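J.:
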Amino acid sequence: MSALPEALNSSGDAVPGWYGKVAALGDFAQRRLPQHCVRHCDAWLSGMMQDLPKVLGARWLDTYLTAPVLRFAWAPGVVDMKWWFGVLMASCDNVGRYFPLVIAQPRSQPPIDRAGLDHLDRWYTVLANAAMRTLDDTATVDSLEAALAAAPPWPASHAATLPAPENAVQWVTYTAPAGLLTSAMPMLAAGELMERLAGCTVWSPNPEPGAQIDMRWGPGLPYVEAFAALLTKRSG
Numbered sequence: 001m002s003a004l005p006e007a008l009n010s011s012g013d014a015v016p017g018w019y020g021k022v023a024a025l026g027d028f029a030q031r032r033l034p035q036h037c038v039r040h041c042d043a044w045l046s047g048m049m050q051d052l053p054k055v056l057g058a059r060w061l062d063t064y065l066t067a068p069v070l071r072f073a074w075a076p077g078v079v080d081m082k083w084w085f086g087v088l089m090a091s092c093d094n095v096g097r098y099f100p101l102v103i104a105q106p107r108s109q110p111p112i113d114r115a116g117l118d119h120l121d122r123w124y125t126v127l128a129n130a131a132m133r134t135l136d137d138t139a140t141v142d143s144l145e146a147a148l149a150a151a152p153p154w155p156a157s158h159a160a161t162l163p164a165p166e167n168a169v170q171w172v173t174y175t176a177p178a179g180l181l182t183s184a185m186p187m188l189a190a191g192e193l194m195e196r197l198a199g200c201t202v203w204s205p206n207p208e209p210g211a212q213i214d215m216r217w218g219p220g221l222p223y224v225e226a227f228a229a230l231l232t233k234r235s236g
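Position 132, counted from 1, in the sequence shown is what the UniProt record's numbering calls 132; the numbers after and before it change by one each time, with no gaps.
1. Under 8 Å between the Cβ atoms of Leu-38 and Thr-201?
2. Return the CA-CA distance between Ala-229 and Asp-27, expressed in angstroms with no decimal places.
3. With H, G and I counted as helix, E and B as strand and the rest as coil, what does DSSP make of Ser-46?
4. So for Pro-100, helix, strand or coil by DSSP?
5. Taking only three categories from DSSP, how would you classify Tyr-223?
6. For Pro-5, collect the residues of the same chain with a Cβ closer than 7 Å to its Cβ; drop the 5 residues on either side in sequence, then sort them by chain order.
7. Around the Cβ of Pro-153, are there at least 16 other Cβ atoms within 10 angstroms (buried) or fewer (exposed)?
8. Does the segment 138-149 come close enough to the segment 51-67 to have 3 or more Cβ pairs within less than 8 Å?
9. Tell me which residue opens and which closes the beta strand (DSSP E) that Gly-86 is part of.
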């Protein structure tokens, strides 16, 4: 049982939810994510875990175990009519069965100004660190819950106008210079693009300090070849 039974942090902001496997437990677990989101994640990731060995062959397990933590943004039309933000990390349970951990939170819209995007960058970093700490020998569900409760509250944003891509009908790769999310995610900052990205997802590896940021986005949740490419791509 979590030591944080309420879904609000000290600032009154919702605490991110999660689903998947963590090393402290022996099976699937979840906190705070609605069932329709869990069903979407489970169906998609179960398919990925079944098909990855077919795509990657003998190197699939090494690829999985050394994969970067992935940041994501899912536009309305992927899971439901909300935006979903979070991280995905390759994980396993305490008896060695492999399945990713997803930490996510829904929002009515993405941050759309510089301050909001910079704040989102820090929020992603906190979630990625919380996910990685679940791999420690001393990690517990309570320590994960405490780390998520410490995530910065979601920023308020104001409208801005930045360039938008021509379309989002197929998977696209974008490389940004080293820096904060403001330089890496212009496609989320243009208000008009919210409609263009309907049904699309945006992904990037959690960046290393000073490294350029490689992003991919396309329709729906990644198919297995695209997911395999995400697992093998690191920033820099």
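Ideal placement from N, C-alpha and C gives every residue a C-beta, glycine not left out.
Quick caveat: nothing in here was measured; it's all calculated off a predicted structure.
T.: For this structure:
1. Here residue 38 refers to the residue found at position 38 when the sequence shown is read from its first residue. Here residue 201 refers to the residue found at position 201 when the sequence shown is read from its first residue. This sequence places Val at residue 38; Leu is not what is there. No, they are not a contact pair.
2. On the sequence shown, residue 229 is found 229 positions in, with the first residue counted as 1. On the sequence shown, residue 27 is found 27 positions in, with the first residue counted as 1. Pairing Ala-229 with Asp-27, the inter-Cα distance amounts to about 27 Å.
3. Within the sequence shown, the letter at position 46 stands for residue 46. Looking at Ser-46 - three-state DSSP - the assignment turns out to be helix.
4. Numbered from its first residue, the sequence shown carries residue 100 at position 100. Under the three-state reduction of DSSP, Pro-100 is assigned to coil, being neither helix nor strand.
5. Position 223 of the sequence shown, counted from the start, is the residue given in the question as residue 223. If DSSP states are grouped into helix, strand and coil, Tyr-223 belongs with coil.
6. As a position in the sequence shown, residue 5 is number 5, starting the count at 1. Bear in mind that a pLDDT of 40 at Pro-5, under 50, signals an unreliable position, so the number given afterwards is only what the model happens to contain. Only residues of its own chain outside the window of five on either side were considered, and among them none has a CB closer than 7 Å to the CB of Pro-5.
7. Counting from one through the sequence shown, the residue named residue 153 turns up at place 153. Pro-153 is exposed by the Cβ-count criterion.
8. The segment 138-149 is not in contact with the segment 51-67.
9. Along the sequence shown, one-based indexing puts residue 86 at 86. Element bounds for Gly-86: 83-89.
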